[in-house]
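Colleague: Please see the structure below; I have some questions.
Number of protein chains: 2
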Amino acid sequence: MAFKANIKVTLRPSILDVQGKAAQHALENLGYSSVSSVRIGKYMEVIIGEDSRAEAEKVAIEICQKLLSNPVMEDFTFELEPVN
Amino acid sequence: MAFKANIKVTLRPSILDVQGKAAQHALENLGYSSVSSVRIGKYMEVIIGEDSRAEAEKVAIEICQKLLSNPVMEDFTFELEPVN
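Have a look at this one:
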């Protein structure tokens with residue numbers, strides 16, 4: 001059995017998001033003045049072949065902490081859904 | 101009134117995700133052999149100051165098409181939630 005983890009990694013609110021600011025200014029120049037904030041993070045879809053949801057959740061937390069996010073600057077959340 | 105658009109931008113399934121492949125190999129080297137696929141996209145939180153949900157949705161679709169995604173290689177989805 002396998003699970004798909006849909007992982008969102010976002011910059012912590014206290015961290016300046018320069019990429020997001022650049023996107024916001026570009027949108028302003030395109031005429032979208034109603035856009036007041038853009039923050040850019042990562043979205044990852046990971047297939048984890050474990051038999052139980054508990055095992056898959058353990059793996060998802062570990063890979064987020066060790067590789068997929070930077071715990072100093074970023075937060076992560078995920079949802080698990082069974083596949084086949 | 102304002103709406104927050106939670107936008108996911110993902111590579112189309114037919115496009116090879118080299119960044120995701122690299123992450124998957126790194127996870128394999130760390131001992132996570134149960135991870136069989138990693139695909140990496142973007143997650144964006146955008147505050148749109150429009151009075152109606154319909155207006156905010158229109159802006160969200162336009163900015164995704166014009167700036168936040170590459171329509172040739174990527175798909176986007178979003179959810180809108182009212183703020184304040």
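Chains A and B, in that order, are what the protein sequence lines are. In this text, residue positions in the first sequence follow this note's numbering: the first is 1, and each later residue adds one. In this text, residue positions in the second sequence follow this note's numbering: the first is 101, and each later residue adds one. We treat Cβ as the ideally placed atom computed from N, Cα and C, and that holds for glycine. All values derive from a computational prediction rather than experimental measurement.
(1) Using DSSP bridges, identify the partner residues of residue 68 of chain A.
(2) Return the residues of the stretch 127-153 of chain B that lie within a Cβ-Cβ distance of less than 8 Å from chain A, sorted by chain order.
(3) So, at 7 Å on beta carbons, what are the nonlocal neighbours of residue 42 of chain A in its own chain, with the 5 sequence-adjacent residues on each side left out?
(4) Can you tell me which of B:127, B:137, B:150 and B:128 puts its alpha carbon nearest to the alpha carbon of residue 184 of chain B?
(5) Give a yes or no on whether the minimum CB-CB distance between residue 161 of chain B and chain A is below 8 Å.
(6) Would you call the stretch 59-72 of chain A and the stretch 25-39 of chain A in contact, with 3 or more CB pairs under 8 Å?
(7) Would residue 167 of chain B pass as an interface residue toward chain A - the criterion being a Cβ-Cβ separation below 8 Å?
Modeller: With the given structure in hand:
(1) According to DSSP, residue 68 of chain A bridges with nothing at all.
(2) 127, 130, 132, 134, 135, 136, 137, 138, 139, 140, 141, 142, 143, 144, 145, 146, 147, 148, 149 and 150
(3) 9
(4) B:150
(5) no
(6) no
(7) yes
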